[in-house]
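Numbering-wise (my numbering), the sequence shown opens with residue 5 and increments by one.
We put the CB at the ideal spot given by N, CA and C, even for glycine.
The structure displayed is predicted, hence computed values, not measured ones.
What follows is a set of notes on a single structure, which appears directly below.
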Amino acid sequence: MTATASVEDLKEALRENLEASGTMRAIKAKMRASILKAINNDVGTEVTHSDKCKENLIINELLREYLIFNNLRETLSVFIPVALIEFANMDAESGAPEIRPFDRSFLCQHLRMEDGPNSTQLPLLYSLVAARTLAQSE
């Protein structure tokens, strides 16, 4: 019984360590993303960029930028396959795509926003919310 208890204690200590370091969340997120991708591939529901409207891609890019800014890597790892955003490569350290579907200047132009030196530090979603809040208070 002592050996069984030791194995169980080791399993519990390992689980706690993985949860405390955030590794468990990352593993679960990667597993969910892989399952969703496998399901989409099996039923042939994969959608390409050309099949989606530009507004969906813009919204997805705004959300992606927000998730990266707030260091929500696990959420991003699930969001990208679920949103069917196809990027060439993911930067392993930041979780950010190396190639974006739209660059920031295109998004600003499409959304009729100005991207000044102060606003480049924040995701565009923050600027949209701030502009909406300002418009409502006037």
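Coarse secondary structure for residue i, derived from DSSP in three states
i, result
"P85", "helix"
"E20", "helix"
"C112", "helix"
"N156", "Outside the displayed span of the chain (5 to 142) sits residue 156, for which this structure offers no information."
"F106", "coil"
"D13", "helix"
"M35", "helix"
"L76", "coil"
Distance between residue j and residue i (C-alpha atoms, nearest Å)
i, j, result
"N112", "E23", "Contrary to the premise, residue 112 reads as Cys rather than Asn in this sequence. The straight-line gap from Cα to Cα measures roughly 39 Å."
"M117", "S131", "8 Å"
"P127", "N75", "12 Å"
"I63", "S109", "15 Å"
"D119", "V82", "29 Å"
"S141", "I84", "35 Å"
Member of the options whose CA lies at the smallest distance from the CA of residue i
i, options, result
"L61", "T27, F106, A139", "F106"
"I31", "A135, A139, R77, E16", "R77"
"L129", "G26, L66, E142", "L66"
"Q125", "A87, I72, L80, S38", "I72"
Residue environment, residue i, which counts as buried when at least 16 other CB atoms sit within 10 Å
i, result
"L138", "exposed"
"I43", "exposed"
"I39", "exposed"
"L80", "buried"
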